[in-house]
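As structure tokens, the structure follows; a few thoughts come after it.
Residue numbers (the numbering used here): 53 to 222.
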């Protein structure tokens with residue numbers, strides 16, 4: 053499988069493929085209707101990662117309310133992992149949050165998903181709490197990144213981008 057994927061805004065035409073990927077990845081997947089509803093809302097931003105000859109191999113979503121942004125979903129096809137797609141999707145989500153005027157960004161992640169937690173920590177997310185039984189079978193760790201418009205956070209993003217460039221993923 054080619055390593056490079058193009059990241060672009062999700063369209064309604066992408067939803068069947070995204071929903072199929074969602075069903076392969078998650079035990080409690082979102083329905084097709086949820087994706088259509090989410091994409092129709094003005095304060096949402098959804099992206100897909102697409103590879104030539106393969107199709108959609110990842111997707112991510114963001115909700116912005118006033119100065120807070122919330123990552124609603126981020127998923128990468130298991131066979132496409134370890135090629136920085138999650139990092140690239142996160143870069144674009146954080147950029148969208150900043151462009152939308154958010155000062156802070158939050159998400160929930162499975163307590164057992166150490167790989168995702170490491171990715172989010174790279175972006176300055178820190179654990180702040182627990183949502184009991186958030187997932188059908190597991191608690192969620194709540195993580196926040198604050199002052200995403202500040203110089204320290206911008207420096208962090210430059211470091212992540214530099215790492216992506218050095219690895220040939222940008």
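Note that the Cβ used here is the ideal one computed from N, Cα and C, for glycine as well. Quick caveat, the model's predicted, so the values are computed rather than measured.
The beta carbon of residue 143 sits closer than 8 Å to the beta carbons of 209, 212, 213, 216 from its chain, once the five residues preceding and following it are set aside; these are given in chain order. Residue pairing by DSSP places residue 97 opposite 114 in a beta bridge.
In this chain, the beta strand (DSSP E) harbouring residue 157 covers 156–162. Each residue's CA atom was taken as its position, placing residue 82 and residue 71 some 7 Å apart.
Within the DSSP secondary-structure output, residue 179 pairs in a beta bridge with 195. Nearest to residue 78 by alpha-carbon distance, out of 118, 161, 147, is 161. Fewer than three Cβ pairs drawn from the stretch 97–109 and the stretch 175–187 lie within less than 8 Å of each other, which leaves the two stretches out of contact.
Beyond the five residues adjoining it in sequence on each side, residue 149 comes within less than 7 Å, by CB distance, of 114, 116, 121, 157, 200 in the same chain, given in chain order. Secondary-structure assignment with DSSP links residue 61 through a beta bridge to 99. Closest in alpha carbon position to residue 174, among 146, 132, 112, is 146. At the C-beta level, residue 138 and residue 91 stay beyond 8 Å of one another. In its chain, beyond the 5 residues on either side, 62, 91, 113 have a beta carbon closer than 6 Å to the beta carbon of residue 98. Pairing residue 101 with residue 88 gives a Cβ-Cβ distance that is not under 8 Å.
When C-alpha distances from residue 154 are compared across 198, 56, 176, the shortest belongs to 198. Distance from the CA atom of residue 128 to the CA atom of residue 69, rounded to whole angstroms, is 13 Å.
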